[in-house]
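Residue numbers for the sequence shown follow my numbering, so the first one is 3 and each next one is one higher. Note that the Cβ used here is the ideal one computed from N, Cα and C, for glycine as well. Nothing here was measured: the structure is a model prediction, and the numbers come from that model.
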Amino acid sequence: MGAEYVLKLLPKGTHDWKKFVQPDEIKALLAIDHFSVVWEAGINFNPFTKHFKLTSNMDVNYIMAASRC
């Protein structure tokens, strides 16, 4: 939301929290097709330095890698 309304990096209305998919929801969908998450990390972006940093916090932005079981 900060990227939209504070920093104006994205058009207003880009994000809708009702549509946010939680990491556990993705894991459940992957498991249905016999995949398991082998790696996951949160991503933080610093708009001032324009650098990304991997973190353990997956509350907002995250990435995953999965492998077929």
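Of the residues 61, 52 and 46, the one placed nearest residue 27, counting alpha carbons only: The count along the sequence shown starts at 1 and reaches residue 27 at position 25. Minimum Cα distance to residue 27 is reached at 61.
Contacts around residue 11, its chain only, beta-carbon distance under 6 Å, and the 5 residues preceding and following it disregarded: For the purposes of this step, residue 11 is identified with residue 9 of the sequence shown, where counting begins at 1. Excluding positions up to five away in sequence, the list reads 5.
Simplified DSSP assignment, three categories, for residue 56: Along the sequence shown, one-based indexing puts residue 56 at 54. When secondary structure is reduced to three states using DSSP, residue 56 falls in the strand class.
Helix, strand or coil at residue 8 according to DSSP, with G and I counted as helix: Here residue 8 is taken as the residue at index 6 of the sequence shown, counted from 1. The answer is helix: DSSP assigns residue 8 an H, G or I state.
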